[in-house]
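In the numbering used here, the protein residues as written are 45 to 152. Glycine included, every Cβ here is placed at the ideal spot set by N, Cα and C. Here the structure is laid out as structure tokens; the discussion comes afterwards.
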């Protein structure tokens, strides 16, 4: 089990480089956020062009309220289901849940 974990974790010098992969302005089209979902709780969604309240997700389009406070996803590793969430630049409820979901789907 330890060998599998070690393979998933990037080397220390690469880790800092990947923590800032997504440098898109959080308010612009194409920005990725954690979007609240009634069944999945939190899912990653990419802001759609033309309508700042519509996000494209793995389950289709999700519309959020104007006053919704969405957490931006700046760390590309947050979407990969890493073996150690401590390598992520931002750890939140959404990040932890998504990491567990991805790892469970891979049967880890």
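How should residue i be labelled, buried or exposed, when 16 other C-beta atoms within 10 angstroms of its C-beta is the threshold for buried?
i           : result
residue 79  : buried
residue 150 : exposed
residue 119 : buried
residue 73  : exposed
Using the C-alpha atoms, what's the distance from residue j back to residue i?
i           : j           : result
residue 112 : residue 131 : 28 Å
residue 31  : residue 87  : The requested residue 31 does not occur in the structure, where the chain is confined to residues 45 to 152.
residue 152 : residue 121 : 17 Å
residue 139 : residue 77  : 11 Å
residue 83  : residue 103 : 10 Å
residue 124 : residue 75  : 17 Å
residue 110 : residue 137 : 22 Å
In this structure, how does DSSP classify residue i when only helix, strand and coil are distinguished?
i           : result
residue 79  : strand
residue 106 : strand
residue 117 : coil
residue 98  : strand
residue 146 : helix
residue 140 : helix
residue 123 : helix
residue 129 : helix
Which residues does DSSP pair with residue i in a beta bridge?
i          : result
residue 87 : 79
Spatial neighbours of residue i within its chain, please: CB distance less than 7 Å, with the 5 preceding and 5 following residues excluded, ordered by chain position.
i           : result
residue 100 : 89, 90 and 92
residue 141 : 85 and 86
Check the Cβ-Cβ distances between residue i and every residue of chain B, and say whether any is below 9 Å.
i          : result
residue 85 : The displayed structure is made up of one protein chain only, and chain B is not part of it.
Among residues of its own chain, excluding the 5 on either side of residue i, which ones have a beta-carbon nearer than 8 Å to its beta-carbon?
i           : result
residue 81  : 87, 101, 103 and 106
residue 129 : 135, 139, 140 and 143
Whose C-beta lies closer than 6 Å to the C-beta of residue i among residues of the same chain, with five residues either side of it excluded?
i          : result
residue 97 : 107 and 108
residue 58 : Unreliable placement is indicated for residue 58, whose pLDDT of 38 sits below 50; the coordinate value is still reported in the next sentence. No residues qualify anywhere along the chain.
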